[in-house]
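Residues in the sequence shown are numbered consecutively from 256, following my numbering. One structure is given here, and the rest of the page talks about it.
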Amino acid sequence: MLPNTPNSTVTDVDLAVNDLGPLAWVLDELRKSLDGAAKALKRFVRDAEAAKGSDLAAIDASQLRVARQQLHQAVGALEMVGLAGPALVLRSMEAAVQKFVQQPEHCSQEAAAKIERASFALTEYLEGVLADKPISAVSLFPQYLEVQELVRADRIHPADLWPYEWRWLEPNLPESANPQHYGDSVRAVFDQSMLQIMKGEIVAAAARLKDLCLGLAASQTDRQPRIFWVIASAYFEALAHGLIGADVYVRRAASRVLLQYLSLSRGDAAISERLAQDLLFFCSQAVSPRAADTPALSAVRAVYGLARFKPVDYLAVQFGRFDPALLAQARKRIVSAKETWSSLSAGDTNKFKQVVDQFSLVADSLVKLHPASEPLAQALTRAVDMTARSGQSPAIELAMEVATSVLYLEAAFADLDPRDPQLAERTGHLAERLERVRSGGDAQPLESWMEELYRRVSDKQTMGSVVGELRVSLGELEKSLDLFFRNPQDKSVLRDVPGKLSQMRGVLSVLGLEQASQAVLRMRDSVEQMLETEVDEHLARAAGTFDQLGNNLGALSFLIDMLNYQPTLAKKLFVYDDKNGELKPLMGRTHKSEDPSAGVTVHADRLSQEVVSLVQEADAGTSEENLADKLNTLATHAALAGQAGLAKTAHEASVAVSGHNQAATATALTTLASSVSPSSASMANPVDDVDFEEDDLRDIFLEEAREVTSNGLETVKLLANQPGDIGHLTVLRRVFHTLKGSSRMVGLNEFGEAAWSMEQMFNSLLADQKSASDEFRYLSNDALTGFSGWIEDIATNRDGAWKASVFRVCADAMRLEGRYAPLNLPDRSATQEPLALAATSVIVQIEASPVDETSTLVQSLESIEPAPSGSAKESANQSEEALDFDVMFDLDQPPAVDASNTTDAGFTAEDPVSAASTVPVIEGIDFDSLAAVSGTNDVFDLPDVTVSPGLEIPELSLELEASESLTPVEVADSIDMIELSAADFDKQFLQDTGALSGEAVLKLTGAEAPAVVLDDFMAPVPEITVAPAELTGVAELGEINQLSEMDIFAEAEPIARAGLIDFTDGIEASDPSDATDNDGTADEQVKVIGTLRIGIPLYNVYLNEADEWSRRLVTELSEWAIEGQGAIADSTLALAHSLAGSSATVGFDALSGIARALEHALQHSQVHQVKNSALDHAGLFVDAAEDIRRLLHQFAAGFLKEPDAVLLERLRNLEFPAPVS
């Protein structure tokens, strides 16, 4: 069902561009906001028309304010999800409505219709983006143009919507041109050619200008002018070859190139980046059939990577051609007609009238939305009428033809493009087939596109069903795990969890989501481990076991949601972190996004600054000549930037200054200053501080924020007596949530970020079901006091010293480390007496039920939180909450116990939990690592033991008398826990050093003494008790039953060596019989198979891993044998090696022996590969792999079997001819 695309790595997908999750979360609310704004405008227009002839100032303008606020919220939403192009269109709509607020007489029915059409276009465009269509925001230019004309914007250009961030890059031209220099002759060519272009004589004139620009580029020594003239030459080359149309925007760009030439020829070295980017936009629109024919254009397109931009007919209306409500209505009608026709075809003759009515409605919608499909509408109507008149169910042929037509309409209207010629062609063809069958003709076979249509619809329905089932299963899993986390002693709620996880893993594997499948497997192993062992709650929380499961549930919820709208990306967006056992999404929206409006805003700001500087110089008494020159320069810069209005105003001011008329000069400068300020302000943010004061939005925020912080301070005081009250904690969390959402709504993003950091702190506390410590309450009180001061400073416009980072640092310290860090607030006179810190913190385990917060959340674009990783209840209520683009969970953040802050010994000095207070939970054993140290070598050298930083180990004297033996280890309660990975274990204990005196060698007895190496184990530093005995030979390491028993040295044979190692310093002797005292209690945690006694956790992990390895071993060997060529793959060798090592670890010597023999045989076949000699033994290798599977299955059933003796003997005696040199 999913395309066979490879699973993700961290770098193989540009998530900032392709991740549509945020858009999927906000699209419904955006529709509501746009629809609400359009309706508010219509109501105002209706009221204005009713009051025509009366005083317009008396009309209530509240509807216009509502419309502006709706659009303002929508702008913020689109900017936050990274869609800057559509956000620019919305911003222009907001500016238009702002003009209506100031001048209600301009809000006519025609103007309101333009705003509505723009909202239709935006909705349709965003739906196309969500459907992963290759569409560009430049396609929205017709609507952008209409709306910008309402506010008489100075600059309106399709490049404003082009998603490219400008930078200067030098193209590599294949050949150099003859240098040209600024002068009269070049100016004459420019003037003449430009005049011809304006008259429509384009080809020859553009070709001359292309050569001229190349010559100017060749003569430039500075980088930017040289690049500019190369881009200009590429633009003229595209124009000369007819690759771009000579519309008004293209011709204006040509005239602006002439202005740039004039500016440079006068010695002004400034290059207009806005003009350069506009020219580059036209180069992106020009695609040459043969790159060799347009060398300059090809060079520019190559260096700027313009091939990724498809040409767009920006003057054609592609979106907003019909009301989305009509399209939604048509879709519902088609679905109803399909279901009714299906019932009628199945024999339900009571549906005749209903089916006639429904198909009549379908035909009506079809003709309205796509007039070219009228023949199909008529054919459907006639077919249904004929069936109704017959009084019988339709014939099979007619039923199938109608069903095919309706199915096609359903698919076409789900992704409707009325301009698609294929739509008219196929509806006409379907009408012909219908008429033929209705007239009694034979049914025609299905065409290929019809079969593809059926298959696509079937896949979509199947995916929908699978996603629905996965959601139900995930909800049940979340509920069970949530109950267990609240009461870890009650394991009954976990009984069904492993089975459900196994089912989910199977479904994810079928869908090709291997990364998620691995995460579910790890979750299943963890849950099974919890069921089999006693779980210490404090230790499990400190180790991050609960966090790991919770994070995986959240990521799976996110992934399942994404399967609905972006199944292909869902396969790439998530990676499984095997080290931490977590499924993590690659949230790539943190880097800087390309904002098409950024260039417009930057250039507008520069011109604004230039105007302000000129006005200040005039006030300071600069000379009229100097002022006139600067005004002319400003006029040129404004014209180059495409701001004709500002250029005209600056030129008029220059004329007034040159005329030595002081009154006219003062008037002109005043007009200039007033003309640029609103323009730049509306471009950067149409709703400025004046707007906020006008509609009291900021005052509303201040009033609400004061009330919220006051309530929060009272709640903090209540927590002093009830630190574990979940109601009080939830109220405080809502306080910061409200401050975050309302502040962002009025543009106070710094304030919002500070509130969000505090909200995260409460999210973490509530998720962990912890009480509020005194330090936690003190920080909360301090933060609310700070917010109160910040609010008052906002009210007086003195909030520049406040920064969100101050709050974020302290909140993160408390959330991640449990450490109190005082807030370093700006100096204010009003402070509150802090809460007194108690001497100790009391940790209370909360058993209360989760609190449903959805009833109190604000329904606005700023307050819905997408796809939280919390409980199933929160996920289910996601659609009921309002928009909040801060995710409740932080999938990119590490768990509470940060691995990077953990020493090699596996603990930190700040760990509040006594690591030795209980037996650790086994996280699982990586048998790949185990197998790596259980190879065939019989001799290992003992290294020096180096101590990791921060690890304190009791001083031991390494001396062992020949008459002493080791007894079982006794675990002291006061000893700290140490944790070593397999790599650390190898480094510490299995490397050769020369520091030990004598010839200390530890020999293993081959297959009779399984190698025992613990990967990722956690065990106490033991007090070793020693009893005297005779040591004469080789130390044999016995089997491991369970880490909690520490029965490692069950049988110890003597070590033959020259030197002595003394372990007895400071260690008391104990009775060896102590090892058997606890056998009775240990039996429940031990799996007995034949003569083997294996700890259940170890047994489960081994069985799962070995089953997978053996299956893959059989598969790879079978495929190798069938292909009949090439050497054995290294992965096949690794599988046999892993099976041998892991089997030896659990004491399954029979399977270990045949796996080791197979491994050696495969190694020999790889080394001595002579033509196809290895293939002669392919059958033997496959049989051996199958025998390993047989042994493993018998082992799982509780039987300890021996391998096929003949197979084992053949493997051991296998010989290969020497390779031919």
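For each residue, glycine too, the CB sits at the ideal point set by N, CA and C.
- Counting C-beta pairs closer than 8 Å gives fewer than three between the stretch 594 to 612 and the stretch 392 to 404, which falls short of the contact rule.
- Residue 1342 is bridged by DSSP to 1349.
- Within a 10 Å sphere around the beta-carbon of residue 1407 sit 16 or more other beta-carbons, which makes this residue buried.
- The three-state secondary structure of residue 490, taken from DSSP, is helix.
- The continuous alpha helix (DSSP H) containing residue 706 extends over residues 703 to 741.
- Straight-line spacing of the CA atoms in residue 1006 and residue 805 works out to 30 Å.
- Rounded to whole angstroms, residue 980 and residue 326 show a C-alpha spacing of 40 Å.
- Listed in chain order, the non-local C-beta contacts of residue 483 below 6 Å within the same chain comprise 526 and 531, local neighbours out to five positions each way being set aside.
- In the three-state reduction of the DSSP assignment, residue 572 falls in the coil class.
- Taking 8 Å as the upper bound for CB-CB distance, residue 499 and residue 540 are in contact here, some 5 Å apart.
- The Cβ atoms of residue 397 and residue 570 sit closer than 8 Å to each other.
- Contact between residue 340 and residue 464 does not hold, since their C-beta atoms are separated by about 31 Å, which reaches or exceeds 8 Å.
- The beta-bridge partner set that DSSP reports for residue 832 consists of 837.
- The beta carbon of residue 775 lies closer than 6 Å to those of 756, 759 and 760 in the same chain, with the five residues before and after it left out.
- The stretch 783 to 794 makes no contact with the stretch 811 to 819, as fewer than three CB pairs between them are under 8 Å.
- Judged by their CB atoms, residue 462 and residue 434 are not nearer to each other than the 8 Å cut-off.
- Between the stretch 369 to 382 and the stretch 274 to 288 there are three or more inter-stretch CB-CB distances shorter than 8 Å, so the stretches are counted as touching.
- For residue 633, the uninterrupted alpha helix (DSSP H) segment begins and ends at 629 to 645.
- Following the DSSP letters along the chain, one finds residue 1023 in no alpha helix (DSSP H), marked with neither H nor E.
- Residue 576 is not a Cβ neighbour of residue 668, given a cutoff of 8 Å.
- Rounded to the nearest whole angstrom, the CA to CA distance from residue 1075 to residue 992 is 21 Å.
- CA-CA distance, residue 712 to residue 655, rounds to 16 Å.
- Apart from the 5 residues on each side of it in sequence, residue 1035 sits with its Cβ closer than 7 Å to the Cβ of 971 and 987 in its chain, given in chain order.
- Residue state for residue 385 is assigned as helix, using DSSP reduced to three classes.
- Secondary structure note for residue 459: its alpha helix (DSSP H) is the uninterrupted segment 457 to 474.
- Note that the C-beta distance between residue 634 and residue 678 is not below 8 Å.
- In terms of Cβ geometry, residue 582 and residue 624 form a close pair [threshold 8 Å].
- Annotated three-state conformation of residue 770 is helix, per DSSP.
- Of 796, 438, 707 and 721, the smallest CA-CA separation from residue 740 is found for 796.
- Inter-segment contact for the stretch 341 to 360 and the stretch 370 to 378 is present: three or more beta-carbon pairs are separated by less than 8 Å.
- DSSP places residue 614 inside the alpha helix (DSSP H), whose first and last residues are 607 to 624.
- Here residue 354 carries a helix assignment [DSSP, helix/strand/coil].
- Contact between residue 1347 and residue 1403 holds, since their C-beta atoms are separated by about 7 Å, short of 8 Å.
- Residue state for residue 278 is assigned as helix, using DSSP reduced to three classes.
- Excluding its 5 nearest sequence neighbours in each direction, residue 348 has C-beta neighbours in its own chain below 6 Å: 326, 370, 373 and 402, listed in chain order.
- Residue 497 and residue 707 have their C-alpha atoms spaced approximately 39 Å apart.
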